[in-house]
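Residue numbers (our numbering), protein chains in the order written: chain A, 1 to 77; chain B, 1001 to 1462. Take a look at the structure below.
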Amino acid sequence: MMMADIMTGETSHLETSANKYFYADAKIVTAELKACLPWLNDMNKEELKELLNGVKERLLDITVKNSLNGELRVKNY
Amino acid sequence: MPTVLFDCDTAIPERKRHCYIKEMGEDTTQYLPSSDISTIPGTLSERGCAYCGAKLVIGGVLKDTIQMIHGPVGCAYDTWHTKRYPSDNGNFQLKYVWSTNLKEKDVVFGGERRLKASILEAFAEMPNIKRMIIYTTCATALIGDDPKKIAAEVQKELKDIDIFVVECPGFAGVSQSKGHHEFNISWMRDKVGTWEPKITSPYTINFIGDYNIQEDSYVCEKYFHKMGIQIIAHFTGNTTYDSLRGMHRAKLNLVNCARSAGYIANELKKSYGIPRMDIDSWGFEYCKIMLRKLGAFFSLEDKAEEVIAEEVEKWKPKYDWYKTRLPGKKVAIWTGGPRLWHWTRALEDELGMKVVAMSSKFGHQEDFEKAIARGTTGTIYIDDGNELEFFEVIEKVNPDLILTGPRVGDLVKKLHIPYVNGHAYHNGPYMGFEGAVNMARDMYNAINSPLMKLAKEDLRGG
Ligand code: SF4
């Protein structure tokens, strides 16, 4: 969970391009979240992980699982 | 609220599923307008055709390439001089138009001979140009011409030339979106990996989905170069044919227009493992995010911050001036697709404007998911809007300004509502920090110009 690592100041392994990309995305979102929701700074890593897992589930719900976007069900897309 | 049927659409109730007004607490898992489906006969659609998507949007931007349009001359003429994408070589791509000028005789007997003669003539007339894109159109696809066969023949004969064929007849899809798709996939299949770029930096990107509208590309390019980043290819602003053949050598794909060019980024990721980074390049805050993301990817964070600091210092005072003068102004965004979600937050959060209506010509449901997620409640969202719907929306929301193309723009001008060209801009560039200032200035000028008020007056008096 790269965002939780970044939020708690842990370093991530960035050997692959894909990892570098996830890191870049996570870093920017983390900075935004911390600026908008300062109470995040008071959470420990476990709490953050739980919270971010919840956010991830909600995002997946909206954008994938319950999405009404018909294209997602077109096999070739 | 469930999707809505406008009064003007009672005769075409199928339009209901394309129109939606967002209410508090709703998300896109409850309601999502239908999109990227056939236009209902009888509505006055503003869409373009698949050929237009391939030629006018993507291929026609290339600055060193003959654009051979295999079809009746109208297809060529309608996509010539209607978009402002300059280049740094004297605007070759804007000056000329090429067509095989298909006639009835060719429809009956086949157009391949005419195509071959046109290709040879074009290369002979322009001996310095060695690259060509051939587009099929409705007529030439229907009669079954085989442009790939002809291109291969000419390549054999002339040797030092290279030709790309895109099969994009207007009827191939429901809108220009199909042409974008065709171009992306065909280019990836036929041309990427056939040319090796010279690598001059350890940090290389493709800048995808930016078409140098009124010099947008130059603005972003300046930032990237200051960070030490080499742009292998612009897909396709101010770009060359061969640079696009070398796209496989970039370490990152930076994707601006995800609708017209997301496909090639996906394919490059699949085939070459190049990550796709989606960004927004309009608005101060989005630009900062774009540069910071790029900086984080290449470990060039300090450089990114330097560029941001420099640009903000230069442009913020001007931007601030407009920031105090635009809040509360109601704006409609009626453009192609992605600019709905690219612009809505920038206009609302940075300039305090209120986006009251959004309409997309060729966006897919993915674009509506983004637009509705970023958009606010009470806003009207329309897919493939028609003229009467635009009139009705204007009555409902009474916008101060409409960001749209010249076609709808002329329509709203007649109602004495100011419009700013949302496709090709009024006085761009609009990308980047300076672009945000230009866009704010054009919107401010449009809203405050006395012209529309004067136009309402009947000068004949009495
Ligand atoms: S719809 Fe067909 S005939 Fe019309 S411009 Fe497009 S390709 Fe040409």
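Virtual Cβ for every residue (Gly too), placed ideally from N, Cα, C. Quick caveat, the model's predicted, so the values are computed rather than measured.
Below-7 Å beta-carbon distance, residue i vs any chain B residue
{"i": "alanine 18 of chain A", "result": "yes"}
{"i": "isoleucine 62 of chain A", "result": "yes"}
{"i": "asparagine 66 of chain A", "result": "yes"}
{"i": "alanine 24 of chain A", "result": "yes"}
{"i": "asparagine 69 of chain A", "result": "yes"}
{"i": "lysine 75 of chain A", "result": "no"}
{"i": "isoleucine 28 of chain A", "result": "yes"}
Enclosing beta strand (DSSP E) for residue i [first to last residue]
{"i": "tyrosine 1419 of chain B", "result": "1419 to 1421"}
{"i": "phenylalanine 1164 of chain B", "result": "1162 to 1166"}
{"i": "asparagine 1253 of chain B", "result": "1252 to 1255"}
Residue closest to residue i, alpha-carbon to alpha-carbon, out of the options
{"i": "lysine 1453 of chain B", "options": "B:Asn1421, B:Ile1417 and B:Asn1445", "result": "B:Ile1417"}
{"i": "lysine 1288 of chain B", "options": "B:Ala1117, B:Cys1052 and B:Phe1433", "result": "B:Phe1433"}
{"i": "alanine 1122 of chain B", "options": "B:Lys1105, B:Phe1092, B:Pro1072 and B:Gln1067", "result": "B:Gln1067"}
{"i": "glycine 1025 of chain B", "options": "B:Arg1325, B:Ala1373, B:Ala1011 and B:Ser1260", "result": "B:Ala1373"}
{"i": "valine 1166 of chain B", "options": "B:Phe1224, B:Arg1113, B:Gly1059 and B:Gly1144", "result": "B:Gly1059"}
{"i": "leucine 1254 of chain B", "options": "B:Thr1379, B:Cys1075, B:Lys1016 and B:Ile1208", "result": "B:Ile1208"}
{"i": "threonine 1010 of chain B", "options": "B:Asp1027, B:Val1174, B:Gly1042 and B:Val1097", "result": "B:Gly1042"}
{"i": "threonine 1137 of chain B", "options": "B:Leu1388, B:Val1107 and B:Tyr1241", "result": "B:Val1107"}
{"i": "threonine 16 of chain A", "options": "B:Leu1451, B:Val1356 and B:Gly1273", "result": "B:Gly1273"}
{"i": "alanine 1346 of chain B", "options": "B:Glu1387, B:Ala1440, B:Lys1303 and B:Ser1360", "result": "B:Ala1440"}
{"i": "serine 1087 of chain B", "options": "B:Lys1063, B:Ile1012, B:Glu1023 and B:Ile1037", "result": "B:Lys1063"}
{"i": "glutamine 1093 of chain B", "options": "B:Arg1114, B:Arg1131, B:Lys1105 and B:Phe1006", "result": "B:Arg1131"}
{"i": "alanine 1261 of chain B", "options": "B:His1234, B:Asn1421 and B:Glu1311", "result": "B:His1234"}
{"i": "alanine 1117 of chain B", "options": "B:Asn1128, B:Ile1129 and B:Trp1098", "result": "B:Trp1098"}
{"i": "tyrosine 1020 of chain B", "options": "B:Asp1410, B:Met1431 and B:Gly1385", "result": "B:Gly1385"}
{"i": "asparagine 66 of chain A", "options": "B:Glu1369, B:Glu1348 and B:Ala1357", "result": "B:Glu1369"}
{"i": "glutamate 1221 of chain B", "options": "B:Ile1264, B:Val1355, B:Val1307 and B:Ala1152", "result": "B:Val1307"}
{"i": "tyrosine 1077 of chain B", "options": "B:Gly1428, B:Lys1095 and B:Arg1047", "result": "B:Lys1095"}
{"i": "glycine 1378 of chain B", "options": "B:Thr1100, B:Leu1244 and B:Lys1396", "result": "B:Lys1396"}
{"i": "isoleucine 1143 of chain B", "options": "B:Lys1103, B:Val1393, B:Tyr1444 and B:Thr1003", "result": "B:Lys1103"}
{"i": "leucine 1032 of chain B", "options": "B:Val1004, B:Lys1413 and B:Phe1183", "result": "B:Val1004"}
{"i": "threonine 1140 of chain B", "options": "B:Ile1161, B:Lys1159, B:Thr1029 and B:Ala1172", "result": "B:Ala1172"}
{"i": "leucine 51 of chain A", "options": "A:Thr30, A:Glu10, A:Asn76 and A:Thr11", "result": "A:Thr30"}
{"i": "cysteine 1188 of chain B", "options": "B:Thr1335, B:Thr1028 and B:Lys1270", "result": "Contrary to the premise, residue 1188 of chain B reads as methionine rather than cysteine in this sequence. For methionine 1188 of chain B, the nearest C-alpha among the options comes from B:Lys1270."}
{"i": "serine 1217 of chain B", "options": "B:Pro1429, B:Val1437 and B:Val1355", "result": "B:Pro1429"}
Any chain A beta carbon closer than 7 Å to residue i
{"i": "leucine 1032 of chain B", "result": "yes"}
{"i": "phenylalanine 1224 of chain B", "result": "no"}
{"i": "isoleucine 1289 of chain B", "result": "yes"}
{"i": "glutamate 1285 of chain B", "result": "no"}
{"i": "proline 1275 of chain B", "result": "yes"}
{"i": "isoleucine 1311 of chain B", "result": "According to the sequence displayed, residue 1311 of chain B carries glutamate and not isoleucine. No, no contact with chain A."}
{"i": "threonine 1335 of chain B", "result": "no"}
{"i": "alanine 1296 of chain B", "result": "yes"}
{"i": "threonine 1029 of chain B", "result": "yes"}
{"i": "arginine 1292 of chain B", "result": "yes"}
{"i": "glutamine 1365 of chain B", "result": "yes"}
{"i": "glutamate 1369 of chain B", "result": "yes"}
According to DSSP, residues forming a beta bridge with residue i
{"i": "lysine 1331 of chain B", "result": "Before going on, a small fix: residue 1331 of chain B reads as valine here, not lysine. According to DSSP, valine 1331 of chain B bridges with B:Val1355 and B:Leu1401."}
{"i": "alanine 1233 of chain B", "result": "B:Asn1206"}
{"i": "cysteine 1008 of chain B", "result": "Cysteine 1008 of chain B pairs with nothing; no bridge assigned."}
{"i": "histidine 1070 of chain B", "result": "B:Thr1136"}
{"i": "isoleucine 1279 of chain B", "result": "None; isoleucine 1279 of chain B has no bridge partner."}
{"i": "serine 1099 of chain B", "result": "B:Ile1069"}
{"i": "asparagine 41 of chain A", "result": "The partner list for asparagine 41 of chain A (beta bridge, DSSP) is empty, contrary to what the question assumes."}
{"i": "isoleucine 1382 of chain B", "result": "B:Cys1019 and B:Ser1359"}
{"i": "arginine 1131 of chain B", "result": "B:Thr1065 and B:Asp1162"}
{"i": "glycine 1432 of chain B", "result": "B:Trp1282"}
Span of the alpha helix (DSSP H), counted from its first residue to its last, around residue i
{"i": "methionine 1188 of chain B", "result": "1176 to 1190"}
{"i": "leucine 51 of chain A", "result": "45 to 60"}
{"i": "leucine 978 of chain B", "result": "Absent from the model: residue 978 of chain B. The displayed extent of chain B is 1001 to 1462, so no value can be given."}
{"i": "lysine 1055 of chain B", "result": "It is not in any alpha helix (DSSP H) - lysine 1055 of chain B carries neither H nor E in the DSSP assignment."}
{"i": "arginine 1113 of chain B", "result": "1112 to 1125"}
{"i": "leucine 33 of chain A", "result": "17 to 36"}
So which residues touch the region around the ligand SF4, with touch meaning a C-beta under 5 Å from any heavy atom?
B:Cys1049, B:Tyr1051, B:Cys1075, B:Thr1137, B:Cys1138 and B:Gly1170
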